[in-house]
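Input: a single structure, listed below in structure tokens.
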Amino acid sequence: MSVFDSEGVEVCFGPCWSCRRAFTFDAELVPSIPIDPMTNTPADVGEHAPGASFVRQPICRDCVGRANANRASAGRPLIDVLPNAYLDEP
Ligand SMILES: [Zn+2]
């Protein structure tokens, strides 16, 4: 679900794809990963049907932190978190 605040920002409240914890986020700024609705796995994990369409799903701050810790130790690029992506704290 989402509402627009007084500045026209689309404020969403919904579950993190990874941990299912509900959080509040800016729909345009939140880190998200493309998920295959048929398999419920990310685009870069597992097998997907040819032409599978992926739906971007939001990821909460804690999960991005964990993902980035893993990425850092694997030498992979980190997920960028844009300012104001998360709206549940100042
Ligand atoms: Zn999460």
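Residue numbers in the sequence shown follow my numbering, run continuously in steps of one, and reach 585 at the last position.
Where is the CB? At the ideal position from N, CA and C, for every residue including glycine.
(1) Using CA coordinates, which residue listed in 568, 583, 551 is at the minimum distance from residue 526?
(2) In the DSSP assignment, what are the bridge partners of residue 586?
(3) Can you check which of these residues, 542, 520, 538, 556, is closest to residue 549 by C-alpha distance?
(4) Here's the rule: buried if 16 or more other CB atoms are within 10 angstroms of the residue's CB, otherwise exposed. What is residue 553?
(5) Give me the Cβ distance between residue 573 and residue 524, rounded to the nearest whole Å; I'm assuming they're in contact under 8 Å.
(6) Hey, how far is the Cα of residue 534 from the Cα of residue 543?
(7) What are the boundary residues of the alpha helix (DSSP H) that includes residue 560?
According to the structure shown:
(1) 551
(2) Residue 586 lies beyond the range of the chain shown here (496 to 585); nothing can be said about it.
(3) 538
(4) buried
(5) That pair is no contact at about 16 Å.
(6) 8 Å
(7) 556 to 569
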